[in-house]
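First comes the structure, then the notes that go with it.
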Amino acid sequence: MSSIKTNLSAMAALRTLGSVTQQLTSTEKRVSSGLKVASASDNATYWSVATTMRSDRGATSAVADALGVASATVDTAYAGMTSVLDTLSAFKAKLVTAKEGSVDKSKVQDELDQLKQQVASVATSASFNGVNMLSYSQAANLKTTNSVTTSVPAAFVRSADGTVSISDSDIDMTKTLLFNTGGGGLLQSDSDALGLATLGSFSGGSIGAVAGHQDFNFIGAQTFGASDAVSFDLTLDASDASAGNSYAITIDRSVVTAALGAAANGKIANGQDMAAVLNKAFQLAGAPASSGGGTSSFEIATRHATGLAGSSVSTSNLVSSLSGGSGLGLESAPTASVQNVYPQVDFSFGSRFAVPEGQSFSFSFAIDGSSQQTISVDRATVDAALGTSANGIVSTADDMAAVLGAAGQQTGLLATASGGSVTLSGDKARYPTAGVGMTVSAPQKHTAGAIDFNFTDIDITTAGADVDYYISGLDAMQNRVTAAAALLGSLQSSIGVQSDFAKTLMDSIDRGVGRLVDADMETESSKLAAQQTQQQLAVQSLSIANQAPQRLLSLFRG
Numbered sequence: 001m002s003s004i005k006t007n008l009s010a011m012a013a014l015r016t017l018g019s020v021t022q023q024l025t026s027t028e029k030r031v032s033s034g035l036k037v038a039s040a041s042d043n044a045t046y047w048s049v050a051t052t053m054r055s056d057r058g059a060t061s062a063v064a065d066a067l068g069v070a071s072a073t074v075d076t077a078y079a080g081m082t083s084v085l086d087t088l089s090a091f092k093a094k095l096v097t098a099k100e101g102s103v104d105k106s107k108v109q110d111e112l113d114q115l116k117q118q119v120a121s122v123a124t125s126a127s128f129n130g131v132n133m134l135s136y137s138q139a140a141n142l143k144t145t146n147s148v149t150t151s152v153p154a155a156f157v158r159s160a161d162g163t164v165s166i167s168d169s170d171i172d173m174t175k176t177l178l179f180n181t182g183g184g185g186l187l188q189s190d191s192d193a194l195g196l197a198t199l200g201s202f203s204g205g206s207i208g209a210v211a212g213h214q215d216f217n218f219i220g221a222q223t224f225g226a227s228d229a230v231s232f233d234l235t236l237d238a239s240d241a242s243a244g245n246s247y248a249i250t251i252d253r254s255v256v257t258a259a260l261g262a263a264a265n266g267k268i269a270n271g272q273d274m275a276a277v278l279n280k281a282f283q284l285a286g287a288p289a290s291s292g293g294g295t296s297s298f299e300i301a302t303r304h305a306t307g308l309a310g311s312s313v314s315t316s317n318l319v320s321s322l323s324g325g326s327g328l329g330l331e332s333a334p335t336a337s338v339q340n341v342y343p344q345v346d347f348s349f350g351s352r353f354a355v356p357e358g359q360s361f362s363f364s365f366a367i368d369g370s371s372q373q374t375i376s377v378d379r380a381t382v383d384a385a386l387g388t389s390a391n392g393i394v395s396t397a398d399d400m401a402a403v404l405g406a407a408g409q410q411t412g413l414l415a416t417a418s419g420g421s422v423t424l425s426g427d428k429a430r431y432p433t434a435g436v437g438m439t440v441s442a443p444q445k446h447t448a449g450a451i452d453f454n455f456t457d458i459d460i461t462t463a464g465a466d467v468d469y470y471i472s473g474l475d476a477m478q479n480r481v482t483a484a485a486a487l488l489g490s491l492q493s494s495i496g497v498q499s500d501f502a503k504t505l506m507d508s509i510d511r512g513v514g515r516l517v518d519a520d521m522e523t524e525s526s527k528l529a530a531q532q533t534q535q536q537l538a539v540q541s542l543s544i545a546n547q548a549p550q551r552l553l554s555l556f557r558g
């Protein structure tokens, strides 16, 4: 059916034209921007990922820039270090020349002073962006400082949960600094690094044997008749390892007479008499114990001759036929009881100190008269006990105990800390006997290989100057500087690898984002040509459809 009011063909053609035009507009947008996802409305998921990754790419670019600064800093330090190495070689040659008897040492010293100024100048000027890895101003000695670091960003990291962080790479400058105001640089003396005074009161000591014993009050004079007696069991040297040995002890008039003489007439008048009687009773019973006393007290002590590891005394099963059941004081609790005392030597920790490479200290100890055991502590010992980050530094009493304990592990020496004090004792598994003595010698400092002069203080014109000694020390300094230069070289390589990775990572991000949001221009170009043709055809179709009512009107013309 045809109608002049509703042109269905025109409506269909118009819809087609609108659809084609919309598609053409989208294609033109992709062609002009080069993006298939230019906004969140194009693809919210891809747009979100691309936006985040572009931000990460910018952060990674900043890290790459920072690595460039770090590379320049290390390059500057490396250039300075190699220059110093060359100067040190020339310096050593001058020292060798000074050994010739005909050489004017004052003139050689003038040349040495010039070379020293050259080294100092290089160290001071080897700075980039305010960071100098060759010269530092710190009041404390570097060897008593855990680290002096400078940090550079190494990477931008986004974890799986979406949190972001910057990982830093720390450069320990204590391994590269040639000079420091407070000392400890590679071209400075080691002499102040290990001062035994810093060990506090660790100056050796001893503690005598402390036998197990009990003290009692003598309660008053007692006279033994012919039938009177006091008996008890004496247990010696009981400990966790053994129940001890028990002895039946009996005191009667005959024992009193044997101990005090017939003139005593069976009377124990005071603590001294009681001690004499006990010693006789112990002898008769074969008990390896002893007694001593005063006017109003007496003591029972082990002689530590049971062959057991313990050192203790106890009494039990007291039976008395004296008036009132008196036990001569043994019926009451002891006023003092010292049991199973193991020897220990205490000392207070002084102040923070370092054990540099090539230096150490040692001491010896002996327990129960055994042979002397020597303990040695060097840089490796400290780092093994406290971790390599300690850099040979002992900061607290706890640190000191950990170091001495680690050093004495093979010899059975134990070390514990409490507050600011350290206690040395023997491992009971190796020294099980209680009630014995212990000696600890004063520590000795060993500085073989240490340098005790500063590079800038070398003066061959002073009286008694030892040129050979200077040459030896300078050679050690050269080795240090060479190691530092090698470290800087490895840092250059490491920073280069990190920088290359940052650039590669940025390229990878660009490629990844491109795959998500970039338009395929070949495909879009083909679409554009086709859609432009479709648009032209749609316009022509609409034009034809609009002419249909005119043909209907022509039917009504005469």
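Numbering (this note's numbering), first residue to last: 1 to 558. We put the CB at the ideal spot given by N, CA and C, even for glycine. Fair warning: this is a prediction, and the values are worked out from it, not measured in the lab.
Could you please give me the residues that DSSP links to residue i through a beta bridge?
| i | result |
| --- | --- |
| Ser239 | Ser242 |
| Gly426 | Leu413 |
| Phe298 | Phe216 and Gly293 |
| Phe128 | Val131 |
| His446 | Ser360 |
| Met438 | Ile207 and Ile367 |
| Ile171 | Thr150 |
| Val338 | His213 |
| Ser418 | Ser421 |
| Leu234 | Tyr247 and Thr315 |
Please report the Cβ distance between residue i and residue j, rounded to the nearest whole angstrom; I am assuming they are in contact, meaning their Cβ atoms lie under 8 Å.
| i | j | result |
| --- | --- | --- |
| Ser311 | Ala417 | Actually they do not touch by this definition, with Cβ atoms about 26 Å apart. |
| Val108 | Ala502 | At roughly 51 Å, the Cβ-Cβ gap does not stay under 8 Å, so Val108 and Ala502 are not in contact. |
| Leu424 | Gln372 | About 14 Å separates the two Cβ atoms, so there is no contact after all. |
| Gly184 | Asn141 | 4 Å |
| Thr315 | Asn245 | Actually they are not in contact, since the Cβ atoms of Thr315 and Asn245 sit about 14 Å apart, beyond 8 Å. |
| Ser83 | Val131 | In fact, because the Cβ distance is near 18 Å, the residues do not count as touching under 8 Å. |
| Val119 | Thr97 | Not quite, the Cβ-Cβ distance comes to about 18 Å (not below 8 Å), so this is no contact. |
Does the distance from the CB of residue i to the CB of residue j come in under 8 Å?
| i | j | result |
| --- | --- | --- |
| Asp172 | Ser151 | no |
| Ser227 | Ser320 | no |
| Ile460 | Lys105 | yes |
| Ala407 | Val440 | no |
| Gln327 | Phe218 | Correcting the residue identity first, residue 327 is Gly in this sequence and not Gln. Against a cut-off of 8 Å, the Cβ pair of Phe218 and Gly327 comes out as no contact. |
| Phe361 | Gln283 | no |
| Lys280 | Ala258 | yes |
| Ser135 | Phe202 | no |
| Met81 | Leu474 | no |
| Thr516 | Tyr46 | Here residue 516 is Leu; the residue named in the question, Thr, does not match the sequence. For Leu516 and Tyr46, yes; Cβs fall inside 8 Å. |
| Ile471 | Leu95 | yes |
| Gly594 | Gly437 | The shown model of the chain, from 1 to 558, leaves out residue 594, and the question about it has no answer. |
| Arg379 | Gly387 | no |
| Gln492 | Asp75 | yes |
| Thr52 | Leu505 | no |
| Val382 | Val210 | no |
| Ile251 | Ala221 | no |
| Gln214 | Pro288 | no |
Looking at the structure shown, is residue i part of a helix, part of a strand, or coil, going by DSSP?
| i | result |
| --- | --- |
| Asn546 | helix |
| Gln138 | coil |
| Val267 | Checking the displayed sequence, the identity of residue 267 turns out to be Lys instead of Val. In this structure, Lys267 counts as strand in the three-state DSSP scheme. |
| Ile318 | Here residue 318 is Leu; the residue named in the question, Ile, does not match the sequence. Note: Leu318 maps to strand in three-state DSSP. |
| Tyr247 | strand |
| Val313 | strand |
| Phe179 | strand |
| Asp398 | helix |
| Ser494 | helix |
| Phe224 | coil |
| Val345 | strand |
| Leu260 | helix |
| Phe202 | coil |
| Ile509 | helix |
| Ser452 | The identity of residue 452 in the sequence shown is Asp, whereas the question assumes Ser. Coil at Asp452, not helix or strand. |
| Ala160 | coil |
| Ala229 | strand |
| Leu14 | helix |
| Asp252 | strand |
| Gln188 | coil |
| Ser332 | coil |
| Ile460 | coil |
| Arg515 | helix |
| Ser599 | Residue 599 falls outside the range modelled here, since the chain spans only 1 to 558, and no answer is possible. |
Confirm the yes/no value for this check: CB of residue i, any heavy atom of the ligand FMN, distance under 7 Å.
| i | result |
| --- | --- |
| Lys92 | Of ligands this structure carries none, so the ligand FMN is not represented either. |
Notebook entry, point to check: Fully enclosed by the stretch 347 to 394, which alpha helix (DSSP H) runs are 4 residues long or longer?
Noted result: 379 to 386
Check: In the stretch 39 to 112, which residue ranges form an unbroken alpha helix (DSSP H) of at least 4 residues, counting only runs that do not cross its ends?
Finding: 44 to 98
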